[in-house]
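Here's the structure, in structure tokens; my notes come after.
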Amino acid sequence: MSEASLAARAAALDLLRDVLRKSIPFDDAFDAHPDLRGLDPRDRGFVRMLVATVLRRLGQIDELIQGSLSKPGLPKATVHDILRLGTAQLVFLGTPAHAAVDTAVELAAARGAEPYKGLINAVLRRIGREGAELAAKQDAGRLNTPDWLWLAWRQAYGMGRTRGIVEAHLHEAPLDITVKRDPASWAERLEATVLPTGSLRRPPGGSVTELPGFAEGAWWVQDLAASLPAKLFGDLAGKLVYDLCAAPGGKTAQLVAQGAEVVAVDRSAKRLERVRENLGRLDLPAEILASDVATWTPDRPADAVLLDAPCSATGAIRRHPDILRVKTPEDIAKLARAQNRLLAHAVDLVKPGGLLVYCTCSIQPEEGEAQIDRILTRDDRVERVPIEPGELDGMAELINERGEVRSLPGMLPDLGGIDGFFVARLRRLHE
Numbered sequence: 001m002s003e004a005s006l007a008a009r010a011a012a013l014d015l016l017r018d019v020l021r022k023s024i025p026f027d028d029a030f031d032a033h034p035d036l037r038g039l040d041p042r043d044r045g046f047v048r049m050l051v052a053t054v055l056r057r058l059g060q061i062d063e064l065i066q067g068s069l070s071k072p073g074l075p076k077a078t079v080h081d082i083l084r085l086g087t088a089q090l091v092f093l094g095t096p097a098h099a100a101v102d103t104a105v106e107l108a109a110a111r112g113a114e115p116y117k118g119l120i121n122a123v124l125r126r127i128g129r130e131g132a133e134l135a136a137k138q139d140a141g142r143l144n145t146p147d148w149l150w151l152a153w154r155q156a157y158g159m160g161r162t163r164g165i166v167e168a169h170l171h172e173a174p175l176d177i178t179v180k181r182d183p184a185s186w187a188e189r190l191e192a193t194v195l196p197t198g199s200l201r202r203p204p205g206g207s208v209t210e211l212p213g214f215a216e217g218a219w220w221v222q223d224l225a226a227s228l229p230a231k232l233f234g235d236l237a238g239k240l241v242y243d244l245c246a247a248p249g250g251k252t253a254q255l256v257a258q259g260a261e262v263v264a265v266d267r268s269a270k271r272l273e274r275v276r277e278n279l280g281r282l283d284l285p286a287e288i289l290a291s292d293v294a295t296w297t298p299d300r301p302a303d304a305v306l307l308d309a310p311c312s313a314t315g316a317i318r319r320h321p322d323i324l325r326v327k328t329p330e331d332i333a334k335l336a337r338a339q340n341r342l343l344a345h346a347v348d349l350v351k352p353g354g355l356l357v358y359c360t361c362s363i364q365p366e367e368g369e370a371q372i373d374r375i376l377t378r379d380d381r382v383e384r385v386p387i388e389p390g391e392l393d394g395m396a397e398l399i400n401e402r403g404e405v406r407s408l409p410g411m412l413p414d415l416g417g418i419d420g421f422f423v424a425r426l427r428r429l430h431e
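Numbering (the UniProt record's numbering), first residue to last: 1 to 431.
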């Protein structure tokens with residue numbers, strides 16, 4: 001087995017440890033890993049796919065490993081993670097058995113697990129023979145979903161919708177793109193499909209930066225669901241808009257492209273650098289400001305405010321399967337308290353008669369519907385402005401009975417699905 005193949009799997013082992021043992025978000029761990037820069041793009045892509053597959057299929061993988069051990073109980077952490085990487089390759093990625101097993105054994109020797117080489121070899125060879133057939137009989141969606149999320153979704157959406165959510169999580173999300181203009185022409189150049197809203201959709205995979213139009217700033221990556229909030233303000237030409245919690249800047253770009261004068265605010269100066277880079281590439285001007293959104297007080301109120309509040313991102317698990325492994329119920333409660341404060345302050349920043357759009361990429365009701373219920377109960381300066389079916393270009397099923405957008409993974413299957421998102425529109429009534 002080549003040195004590069006072993007190095008790739010060693011990096012994957014490190015990343016798995018960082019996510020599962022240290023609760024570090026996968027993208028952060030990937031960007032910080034010093035050895036990944038030395039791998040060629042193909043091997044880096046393999047590392048990302050391998051670790052994402054383990055995170056996405058962890059419940060299934062652990063059940064397969066447990067069933068292949070001669071004694072109950074799981075081995076030490078490093079050995080367990082090596083078995084997870086090997087199982088993912090054998091059962092879900094189609095890696096040849098000799099490559100998956102041999103590199104796993106070599107990895108054990110390199111990481112101080114020499115006494116476990118025989119165990120790793122025996123378990124993975126058994127999984128190589130039986131794993132695919134066993135996996136086909138597993139309840140994949142349920143096994144890969146933590147109990148607390150399964151129960152929360154079942155209570156909020158019922159069993160049918162919950163099944164749709166967890167089964168959507170088994171598959172990598174497509175690549176969605178927002179173009180500045182002429183979507184039909186760019187769809188042809190990018191070999192993409194035009195979605196009802198004008199977004200473009202391509203299959204996942206490949207290097208985004210090498211696609212036509214990226215370097216010249218013709219488009220940016222943005223999920224279909226994430227593109228909806230900025231469309232709900234109506235005509236923004238010449239209007240002042242505050243984009244709160246703006247990073248990484250996709251909605252900022254939309255607002256500027258719609259003719260608004262935009263102030264993009266985020267507490268993270270580091271994340272705002274990415275906003276600057278994106279807007280620079282796109283040649284779209286906006287004022288960018290690092291400040292705590294919960295206390296930021298501008299000189300004048302805005303015509304419109306977009307609050308994309310920090311959230312658990314449970315609606316984006318198709319794109320970020322590590323969310324299944326790093327988030328906890330305590331995180332939801334903490335985030336909901338922060339969203340409460342941010343939304344209350346956002347009302348102060350929009351002028352009477354102006355619109356406030358609140359959104360999160362979470363499918364937890366505490367981070368969506370409950371926030372709107374709370375603000376409407378305690379603040380008589382705002383009212384809900386229901387979103388009408390015609391505003392979503394034939395995707396009316398995403399609108400709930402309250403006139404809010406509530407998209408869930410599993411919806412719009414004919415289009416290739418959608419991320420989970422919540423969007424509500426409010427109007428400021430008076431001082």
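C-beta atoms are modelled at their ideal positions from N, C-alpha and C, and glycine is treated no differently.
Beta-carbon proximity check, Ile-399 vs Pro-413, cutoff 8 Å: Their beta carbons are not under 8 Å apart, which means Ile-399 does not touch Pro-413 by this criterion.
Backbone secondary structure at Trp-219 - three-state DSSP: Strand at Trp-219.
Enclosing alpha helix (DSSP H) for Arg-84 [first to last residue]: Arg-84 -> alpha helix (DSSP H) spans 77-87.
The beta strand (DSSP E) enclosing Pro-183, as first and last residue numbers: Per DSSP, Pro-183 belongs to no beta strand (DSSP E); it is in the alpha helix (DSSP H), 183-190.
Three-way DSSP call (helix, strand, coil) for Arg-300 in this model: coil
Unbroken beta strand (DSSP E) run spanning Gly-250, endpoints: Element bounds for Gly-250: not the beta strand (DSSP E) but the alpha helix (DSSP H), 250-257.
Trp-148 burial status per 10 Å Cβ neighbour count (16 or more: buried): exposed
Cα-Cα separation between Leu-200 and Gly-353, rounded to whole angstroms: 34 Å
Exposure label - Glu-287; buried when at least 16 CB within 10 Å: exposed
Nearest-angstrom beta carbon gap, Asp-419 and Ser-407 [assumed within contact, 8 Å]: 7 Å
Alpha-carbon spacing of Ala-110 relative to Pro-204, whole angstroms: 33 Å
Straight-line gap, Asn-278 to Gly-249 (C-alpha atoms, nearest Å): 7 Å
Buried or exposed by the 16-neighbour rule on C-beta atoms within 10 Å, applied to Glu-366: With 16 or more other Cβ atoms within 10 Å, it is buried.
Residue range of the unbroken beta strand (DSSP E) whose run includes Leu-387: Looking at the sequence provided, one finds Ile at residue 387 rather than Leu. Per DSSP, Ile-387 belongs to no beta strand (DSSP E) and is neither H nor E.
Through-space distance from Val-263 to Ala-302, alpha-carbon basis: 9 Å
Nearest neighbour of Thr-360, chosen from Arg-378, Lys-351, Asn-340 [CA to CA]: Asn-340
Assumed close pair Glu-404, Phe-422 - CB separation to whole angstroms, cut-off 8 Å: 7 Å
Residues that residue 433 bridges to, as DSSP identifies them: The requested residue 433 does not occur in the structure, where the chain is confined to residues 1 to 431.
Proximity winner among Leu-175, Val-305, Pro-196, Pro-229, relative to Trp-219 (alpha-carbon distances): Leu-175
Identity of the residues DSSP links to Thr-178 by a beta bridge: According to DSSP, which records beta bridges pairwise, Thr-178 is partnered with Trp-220.
Spatial distance of residue 437 from Ile-120 (CA atoms): The structure shown has nothing for residue 437, since the chain only spans 1 to 431.
Backbone secondary structure at Arg-161 - three-state DSSP: helix
Within the segment 45-128, ranges of the alpha helix (DSSP H) (whole runs, at least 4 residues): Those alpha helix (DSSP H) runs which fall completely within the segment 45-128 and span 4+ residues are 58-68, 77-87, 97-110.
Local conformation of Phe-26 per DSSP, three classes: helix
Runs of beta strand (DSSP E) wholly within the segment 273-349 (minimum 3 residues, chain order): 287-290, 302-308
Three-way DSSP call (helix, strand, coil) for Pro-352 in this model: Pro-352 falls in the strand class under three-state DSSP.
Under the three-state DSSP convention, the category Leu-228 falls into: coil
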